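Residue numbers (the working numbering): 41 to 297.
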Ligand SMILES: N[C@@H](CCC(=O)N[C@@H](CS)C(=O)NCC(=O)O)C(=O)O
């Protein structure tokens, strides 16, 4: 039975999984969900992923959810051509510690600027009742949506989120320095790098790449990630917010980037 991927082109968590699938040369049936239309909240999808978020895979008929779990699962099932996990158990524990940090800090933090800068205008077009019903229907993100409301997150929340990203950049610099680079764990590209990749792509997409511009190890890391063969098929056309939201493309144009 083929691998089935349920995801969204612009979803950062989905991009982790697409990178691993592409790196391993696996055939998969891709289902693209429109998150702003609420495809992830339909009963048939909730039967696969009761959290109402992407990505999910279905392998041999069995759903597997959560991007960090999925990429470890895929690396375990398909270790070739390159395993993305170190063999040494202590190094493996270190990689998992990094992945937990990435999920808790930058991956969570970037939702605030993403929603404020990219999605908010869409939610502002809804009536209050439509917005409340949409927020209410989200199993995992109801409180997040309510905190944002139709006015957006306050500056204090934006500052906190960007502060968490800046601390992540410092942490990356430390990891790269300790391992000798160029990747987080040294010469081997691991699931920790793949977990972090979409965060930096998203920040660049939101015109926030100044956050690491003065940190050479991180700039080098990002340039190298973009040169990896699976990067391009992962970020196929339509994977960036600037491609969907003209106001973001305009911000970029004004910046001359
Ligand atoms: N921990 C989950 C988080 C998944 C997640 O938050 N996915 C976002 C897209 S990156 C989503 O589906 N959001 C839909 C929504 O907020 O309704 C994972 O890593 O898979």
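The beta carbon of each residue, even a glycine, is placed where N, CA and C say it ideally should be. From a predicted model like this one, the values you see are computed outputs, not experimental measurements.
Below 6 Å, is the gap between the Cβ of residue i and the nearest heavy atom of ligand 1?
| i | result |
| --- | --- |
| residue 178 | yes |
| residue 239 | no |
| residue 80 | yes |
| residue 274 | no |
| residue 75 | yes |
| residue 52 | yes |
| residue 94 | yes |
| residue 106 | yes |
| residue 242 | no |
| residue 181 | yes |
Under the three-state reduction of DSSP, which class applies to residue i: helix, strand or coil?
| i | result |
| --- | --- |
| residue 217 | helix |
| residue 226 | strand |
| residue 99 | strand |
| residue 68 | strand |
| residue 43 | strand |
| residue 285 | coil |
| residue 254 | coil |
| residue 268 | coil |
| residue 277 | coil |
| residue 50 | coil |
| residue 62 | helix |
| residue 231 | helix |
| residue 248 | coil |
Spatial neighbours of residue i within its chain, please: CB distance less than 6 Å, with the 5 preceding and 5 following residues excluded, ordered by chain position.
| i | result |
| --- | --- |
| residue 232 | 135, 138, 139, 224 |
| residue 146 | 205, 208, 239 |
| residue 124 | 115, 230, 231 |
| residue 177 | 81 |
| residue 197 | 152 |
| residue 188 | 155 |
| residue 60 | 111, 114 |
Which same chain residues end up closer than 8 Å to residue i when comparing Cβ atoms and leaving out the 5 residues on each side of it in sequence?
| i | result |
| --- | --- |
| residue 143 | 108, 235 |
| residue 73 | 46, 47, 48, 79, 80, 85, 94 |
| residue 275 | 55, 241 |
Output needed for residue i: all residues of its chain with C-beta closer than 7 Å, excluding positions within five of it in sequence on either side, in chain order.
| i | result |
| --- | --- |
| residue 285 | 158 |
| residue 291 | 247 |
| residue 162 | 76 |
Using 8 Å as the Cβ pair cut-off and three pairs as the minimum, do the stretch 106 to 118 and the stretch 48 to 65 touch? yes
Can we say the stretch 275 to 285 touches the stretch 240 to 249, given the rule of at least three CB pairs closer than 8 Å? yes
What are the complete alpha helix (DSSP H) segments, minimum 4 residues, inside the stretch 71 to 159? 83 to 86, 107 to 117, 129 to 144, 146 to 149
Curious, which full-length alpha helix (DSSP H) runs of at least 4 residues does the stretch 156 to 216 contain? 160 to 164, 168 to 176, 182 to 188
Count the C-beta pairs between the stretch 114 to 126 and the stretch 64 to 78 that are closer than 8 Å, then say yes if the count reaches three, no if not. Counting Cβ pairs under 8 Å, three or more are found: they touch.
Would you call the stretch 250 to 262 and the stretch 213 to 222 touching, i.e. three or more CB-CB distances under 8 Å? yes
Would you call the stretch 165 to 172 in contact with the stretch 268 to 277, where contact means no fewer than 3 C-beta pairs closer than 8 Å? no
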